[in-house]
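**Student:** My numbering applies: residue 3 is where the sequence shown begins, and numbers increase by one.
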Amino acid sequence: MDLDAVKVLLESQERTFRSALELVVEQWKERIRLVEGKMTDLTKSLEFSQAEILDLKNNEKVLQKLNKEKQVAVEELQSRVAELNHRLNYQEDYTRRNNLRISGLKEQPVGET
3 MDLDAVKVLL ESQERTFRSA LELVVEQWKE RIRLVEGKMT DLTKSLEFSQ AEILDLKNNE
63 KVLQKLNKEK QVAVEELQSR VAELNHRLNY QEDYTRRNNL RISGLKEQPV GET
């Protein structure tokens, strides 16, 4: 083989190698673009999720505060009901204090005498 033939062969191989290399580079560039796009989407999704979690935590705090307030109100109402029951029992006992029952006598229906 002479020198010109070797040059032509080398130039042909160089072009083939260059085109193959350019194809590989383009494939890698496309893969990098896809990965960057996915990273952007994941970043947006993560930011949205973090904001939503923060909102939920704030809502939880508000709901816990409301729950405590409601519990206090329920306890106050239960205490008030217990107090009123006690007063009612006392009133019933007080109104019957002068009622006499004599054993052996038939009781008449309740009414005015």
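Built from N, CA and C at the ideal position, the CB exists for glycine as well.
#1: Would you tell me roughly how many angstroms separate the C-alpha atoms of glutamate 71 and glutamate 38, rounded to the nearest one?
#2: Which first and last residues belong to the alpha helix (DSSP H) in which arginine 89 is found?
#3: Taking the C-alpha atoms as reference points, what is the distance between phenylalanine 19 and serine 47?
#4: Roughly how many angstroms lie between the CA atoms of alanine 53 and glutamine 66, to the nearest whole one?
#5: Whose C-beta lies closer than 7 Å to the C-beta of leucine 79 among residues of the same chain, with five residues either side of it excluded?
**Tutor:** Looking at the coordinates:
#1: Using only the alpha carbons, I get a separation of about 50 Å.
#2: 5 to 97
#3: Approximately 42 Å between the Cα atoms of the pair.
#4: Alanine 53 and glutamine 66 have their C-alpha atoms some 20 Å from each other.
#5: none
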